[in-house]
Amino acid sequence: MRWRNKAMLARWLLSGEWQAHKVQSGVAVIAIAIGVALGFAIHLINTAAFNEFSAAAHSLSGESDLEVRGPQATIDESIYPLLAEHEDVELANPVLELDVALPNHSKERKDAALKILGLDIFRASVMAPDLIGIPAEDKLFDVLADDAIFLSPAAMEWLGVKQGDILNLSVGTQTVALRVAGGLRRARAGQRIGVMDIATAQWRFHRLGQLSRVELKLLPGTDKAAFKAELEQELEPQSHYLVAEPTTRETRVANMSRAYRVNLNVLAMVALFTGTFLVFSTQALSIVRRRHQFALLRVLGFTRKQMLGQVLWEGAILGLVGSLLGLALGYATATSALHYFGGDLGGGFFPGIKPVMHFDPAAAIVFFILGVGITLLGSAAPAWEAARALPAPALKSGSEDTALAKLENPWPGLLFLASGILFTRLPPIFDLPIFGYLAVAQLLTGGIILMPPLSALIFTAVFRMVQHASHARPVLTTALARLANAPNQAAIALGGILASFTLMVAMAIMVTSFRVSVDDWLRHILPADLYVETAASGDTRGLIPDEMKALAETPGLVRVDFFRSSKLMLDPSRPNITLIARPIDISEPGNTLPLTGESIPVAQLPKGAIPIWVSEPMVDLYGYTPGKHVTLPIAIPARTFIVAGVWRDYGRQFGAIQMRLADYQALTDDRLVNDAALWLEQGVAPEQVIESMRRLPFGNALEFSDPGQIRALSLNIFDRSFAVTYLLEGVAIIIGLLGVAASFSAQALARIKEFGMLRHIGMTRRQILGMLAIEGGLLTALGVLLGFVLGGCISLILVFIVNPQSFHWTMQLSLPWESLLSVALTLMFLAAFTAVASGRHAVSGNAERAVREDW
């Protein structure tokens, strides 16, 4: 019975508070719901996309135990019989895997290629039966036909073809016509692939004698680890073959997108982190407003333990409701996003898949606990104060600000700032900037804790200056007196503004710095007047020597540079790097490459050494520092190179190496190139050169771009990649404004007696509203000013620590002054307006009734 009475009293207090102050409680619930929804939605989308992409990649390997591949895109097929005849191998399946360019592709398929697998039908039917083509009943031998291709349903839909149609594909400047002979036995939803007979694929795509990999199925009872080690020793003398398990491909996919996924999840937590301070603000102001009520309850027999539990229970209810709403909203958001936009989230890591949404109970529980825990954390300090307050002093009027006196201690804030600075000096963990994230949280928390002493110091100084002025206005003086003498309540209102605006400033500076750096980088790497290629992507694009000669002899050109790019695998657990061969002036490489430092001078290069220039990720991921001798498996036997310098590259996150085209061709005897950069004679228009090249025998296969088009496309891709970040910036601003509304509304209600007293001594309602507007404007101005400082410090961590440790590239710092100032002014105006709107109801009552309760 006693327990039931306590529960009834707790419900009565809670329902009374919620009914009397719906706006304040609603804002806290919304803040928690938004934070949980964003985090849960991004987690679900990333998980669905990653799982589907991994499953699609795994389906290409079938039921193999191991696979043998080379560091380059293809290996010599002579390795196949050696593996097939091995005594421990039950079945060896040769595979040729190519991304084939599409001719005359539409705008929707720009920069896309079709993945085609060349398979041995007899071995693949055992190793990877799902990838077997299904021919028409009267054309069963189409699986071996030299003009047939089998497409997955997603590929047919994407390409706009059906069984029996002709599909044109690009191989260099030529077009290969294949007949769509049917579909596949089983393909994952959204998986765009084609399957051909391996001999046909080798012939049609000019890969005679080449394979991508050989998949191995071992005899039952074979020790896979021992066999793998033995095979690696057997193959080592022949070449740089790589023996890996199919799961290594999944690890490679995970490593490819991990930093992007983690950073998105951390950014999603920004809203939840900001919600913590809004909950604290709501609960603290609620405690101040109900200080007399709680004191009376203590006098009537309420214990400290009951008081502590009551306030924590109120906070837990806020978290419970907010978390449940957030989970529902997050699931709905993720489902809609996957349906309309796919699972890519702008990062470009999961193309060509169609993820299926699955509710994740474990993740839901984690985010639910996180939401409730955040609210309990925000309620802890107010609950502790309510429990420890002595009833007698709390019953007296004017004791409200003393309830928050402990907030004036600056040492906890300074300790947080010091620990945050210390964390910036610590290295990444598992290639993730864990301490960088913690440093951001520490700086933000420390800055907010320092708000009460800082606001007291600043507003007291301003009040004294205005007080001594000869023409000080009463309304301004009264507003400053309030802020100077009750700084703790002001600081609580300031906390939500500071948290949201600081994070918005930090993210805006980071994104702007990145975008400006990318723009400058594009200007440096696109010096030519015109660029030519046969396709934007794919393994089959390129120009042969005769075509290169024809391009170079086109009238109106003063210079032509040819480029050869290819993929190189240095570590099976990491994504491939890009090897780029191009003309480079060894004496002045900075004229061609956007170097981050000095290149090793020609005179200091060892005699006979072949120089290479590596991108920034190569330094972090592989230790390729300037002056280091490295071995690259691009020729047999492998050659040693010297790292001559480091260059900035925002286009290839996982590393790239550049070398002179002449050195590359001498080592590999590969005369194919992918792209050409053209410098035009003065007075020659690009259209003239394009028209001349179109008249070449292979002219219709060429695609032309000017630097402006490439730059605009690249920046558009950048903006799409950061679309989620832009969304989170907007959410931070919205939550900040909600926090302003909740804080000022709660303070206005708590100050009804103060407004009544001011009315008694002669202030009009209009003057009181003016005072509230000034308070709101000054508080927000201080919050914005401190937000600029704190956000600037956090942006330094994001730009110089988090980004280099996450993506292994550096950038220059740039400040978006115009957008930040416009947001700041808007925030100040809305804060003043909100303060007036919140206080209008508080000053509308009878002055005598307002002070009647003043003991």
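In UniProt numbering, the protein residues as written are 1 to 855.
Just so you know, even glycine gets a beta-carbon here, dropped at the ideal spot from N, CA and C.
CA-to-CA distance, residue j to residue i, given in whole angstroms
i       : j       : result
Ala-837 : Phe-654 : 53 Å
Glu-729 : Phe-514 : 15 Å
Glu-314 : Ser-336 : 33 Å
Ala-387 : Arg-298 : 9 Å
Glu-547 : Val-36  : 57 Å
Leu-678 : Met-693 : 12 Å
Gly-791 : Arg-648 : 26 Å
Asp-146 : Thr-200 : 5 Å
Val-689 : Leu-327 : 58 Å
Leu-680 : Ile-710 : 18 Å
Phe-807 : Val-29  : 35 Å
Val-558 : Asn-700 : 23 Å
Arg-207 : Phe-141 : 23 Å
Gln-812 : Ile-797 : 13 Å
Ile-429 : Val-802 : 12 Å
Val-171 : Gly-330 : 45 Å
Ala-832 : Leu-779 : 9 Å
Leu-98  : Met-196 : 11 Å
Gly-446 : Val-440 : 10 Å
Glu-232 : Asp-670 : 27 Å
Gly-542 : Met-269 : 45 Å
Arg-204 : Ser-566 : 20 Å
Ile-657 : Ala-136 : 47 Å
Ile-116 : Gly-26  : 54 Å
Leu-91  : Val-143 : 20 Å
Arg-258 : Gly-623 : 20 Å
Val-243 : Arg-192 : 27 Å
Thr-640 : Thr-175 : 38 Å
Per DSSP, cross-strand counterpart(s) of residue i
i           : result
residue 864 : Because the chain in this structure spans residues 1 to 855, residue 864 falls outside the shown range and cannot be described.
Gly-645     : Trp-613
Gly-182     : Pro-135, Phe-150
Phe-562     : Ala-676
Gln-174     : Val-171
Glu-533     : Asp-675, Glu-703
Gln-210     : Asp-76
Pro-94      : Val-214
His-629     : Ile-642
His-66      : In the sequence as presented, His is not what sits at residue 66; that position holds Leu. BP columns for Leu-66 point to Leu-216.
Status (buried if at least 16 other CB within 10 Å, exposed otherwise) for residue i
i       : result
Asn-93  : buried
Ser-587 : exposed
Lys-107 : Residue confidence for Lys-107 is low, a pLDDT of 46 falling below 50, so the modelled location carries little weight and cannot support an answer.
Val-68  : buried
Arg-695 : exposed
Ile-580 : buried
Asn-674 : buried
Glu-616 : buried
Pro-637 : exposed
His-629 : exposed
Ala-723 : exposed
Asn-485 : exposed
Ile-449 : buried
Q: Flag this pair as touching only if the stretch 568 to 578 and the stretch 532 to 546 have three or more C-beta atom pairs under 8 Å; answer yes or no.
A: no
Q) Whole beta strand (DSSP E) runs in the stretch 680 to 743 with 3 or more residues, listed along the chain? A) 703 to 705
(Q) For the pair the stretch 491 to 500 and the stretch 277 to 297, tell me if three or more CB-CB distances fall below 8 Å. (A) yes
Q) Per the contact definition of three or more C-beta pairs closer than 8 Å, is the stretch 642 to 662 in contact with the stretch 608 to 619? A) yes
Q.
Within 8 Å, do at least three Cβ pairs link the stretch 211 to 225 to the stretch 65 to 84?
A. yes
Q | contact_flag[the stretch 749 to 768, the stretch 458 to 473] where n(CB pairs < 8 Å) is 3 or more | A | no
Q. Is the stretch 817 to 826 touching the stretch 446 to 459, taking contact as three or more C-beta pairs under 8 Å?
A. no
Q | Segment contact, 8 Å Cβ cut-off, at least three pairs: the stretch 706 to 725 with the stretch 515 to 522 | A | yes
Q.
Could you tell me which whole alpha helix (DSSP H) segments of length 4 or greater appear in the stretch 404 to 439?
A. 411 to 423
Q. Can at least three beta-carbon pairs, one atom from the stretch 176 to 191 and one from the stretch 124 to 144, be found at a separation below 8 Å?
A. yes
Q.
Check whether the stretch 472 to 491 and the stretch 523 to 532 are in contact - that is, three or more C-beta pairs closer than 8 Å.
A. no
Q: Please confirm if the stretch 356 to 368 is in contact with the stretch 38 to 47, defined as three or more CB-CB distances below 8 Å between the two stretches.
A: yes
Q. What are the uninterrupted segments assigned as alpha helix (DSSP H) that are 4 or more residues long and contained completely in the stretch 762 to 805, given in chain order?
A. 765 to 797
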